[in-house]
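2 protein chains.
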Amino acid sequence: MSCQHDYSVCDPAIAQLADLFHLLGDPTRLRIVLACVTAPIAVSDIASSLELSSSLVSHHLRLLRAARIVKSERQGKQVFYSAADAHISGVLNDMLEHIAEPSNGHEA
Amino acid sequence: MSCQHDYSVCDPAIAQLADLFHLLGDPTRLRIVLACVTAPIAVSDIASSLELSSSLVSHHLRLLRAARIVKSERQGKQVFYSAADAHISGVLNDMLEHIAEPSNGHEA
DNA sequence: CTAACATGTGAACACCTATTCACTTGTTAG
DNA sequence: CTAACAAGTGAATAGGTGTTCACATGTTAG
């Protein structure tokens with residue numbers, strides 16, 4: 004049940020939507036998401052792979068997990084993070100296509 | 004040619020990707036985009052519809068147009084803005100689905 | 001030309017946030 | 001138990017940014 008019609012999203016939904024985009028809007032955080040979207044990966048592996056401090060990665064991961072963009076799973080000392088669901092990778096792909104096609108004329 | 008594999012996007016692409024998400028990450032700007040995505044709409048109509056100042060709408064519209072999220076078309080005194088391409092609405096839809104489904108287990 | 005309207009723009013301010021540092025919590029091994 | 005490693009957290013700071021205000025630009029009508 005949407006509020007009125009397709010894109011007339013109600014205010015709380017807009018706030019939530021904006022929050023999700025906002026989280027993906029930081030380059031460092033986006034890199035972390037991209038590192039998680041392929042396969043589950045530990046915090047320390049993200050940090051070393053992206054050349055970031057573990058502290059910084061944890062801070063971002065907390066926000067991403069709170070917004071349910073990523074999910075966590077403990078295995079011994081390490082905690083593995085992965086993309087929460089398929090919508091995330093879908094959004095990422097659509098945006099990459101948008102970048103790839105500067106000015107196309109095959110809409111409709 | 005991507006840099007390595009699917010989600011190992013090269014750095015300039017990440018910056019561009021993050022920039023797009025960042026623009027959608029502000030609630031006011033997101034509302035403006037949503038107002039444009041349905042049909043072309045004039046700046047003053049966006050402003051009155053969303054109860055914002057024309058100045059503020061113009062500021063946001065400039066950023067959105069620079070990132071090619073929206074495109075502009077002049078008609079007399081007014082300038083009509085609309086979504087740049089189908090990828091934008093696609094991203095919006097995917098994110099809305101992500102919000103709609105809190106915790107689904109039907110992936111793969 | 002001038003007047004009125006629509007849009008664009010620059011500067012300033014208040015607010016937010018990404019990052020770092022120091023530290024704590026939790027887990028495994030001995 | 002302690003030691004070592006992985007992850008999480010709180011505070012503080014530097015930089016970024018959304019908003020407003022005043023003004024400039026552009027367009028149409030007379």
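One line per chain: the protein sequences are P and H, in this order. Each residue of the first sequence is one higher than the one before, starting from 4 at the first, in my numbering. Each residue of the second sequence is one higher than the one before, starting from 4 at the first, in my numbering. We treat Cβ as the ideally placed atom computed from N, Cα and C, and that holds for glycine. Predicted, not measured: the structure shown is a model, and the values here were computed from it.
Spanning the alpha carbons of residue 56 of chain P and residue 44 of chain P requires a straight line of approximately 15 angstroms.
Taking every protein chain shown into account, the CB of residue 63 of chain P has 16 or more other CB atoms within 10 angstroms, so this residue is buried.
Within the DSSP bridge table, the entry for residue 74 of chain H names H:85 as partners.
Contacts between residue 12 of chain H and chain P, judged by CB atoms closer than 8 angstroms, involve 37, 99 in chain order.
Interface criterion not met: the Cβ of residue 73 of chain H is under 9 angstroms from no Cβ in chain P. Secondary structure at residue 42 of chain H: coil, using DSSP grouped into helix, strand and coil.
When CB distances to chain P are screened at a threshold of 9 angstroms, the residues of the segment 69 to 94 of chain H falling below it are 71, 72, 87, 88, 89, 90, 91, 92, 93, 94, in chain order.
Within the segment 24 to 53 of chain H, the residues whose Cβ lies closer than 7 angstroms to any Cβ of chain P are, in chain order, 24, 25, 27, 28, 29, 30, 33, 34, 37, 40, 41. For the set H:35, H:70, H:75, H:38, the Cα lying nearest the Cα of residue 22 of chain H is the one of H:70. Contact annotation: the segment 15 to 30 of chain H does not touch the segment 66 to 83 of chain P, with fewer than three C-beta pairs closer than 8 angstroms. In this structure, residue 73 of chain H and residue 86 of chain H form a Cβ contact; the two beta carbons are roughly 6 angstroms apart against a cut-off of 8 angstroms.
Residues 45, 46, 75, 76 of the same chain have their beta carbon placed closer than 8 angstroms to that of residue 82 of chain P, with the five preceding and five following residues left out of the count. At least one CB of chain P lies nearer than 9 angstroms to the CB of residue 20 of chain H.
Ranked by Cα distance from residue 102 of chain H, the first of P:98, P:94, P:101, P:102 is P:94. Cβ-Cβ distances below 8 angstroms link residue 42 of chain P to 85 in the same chain, with the five nearest sequence neighbours on each side left out; the list follows chain order.
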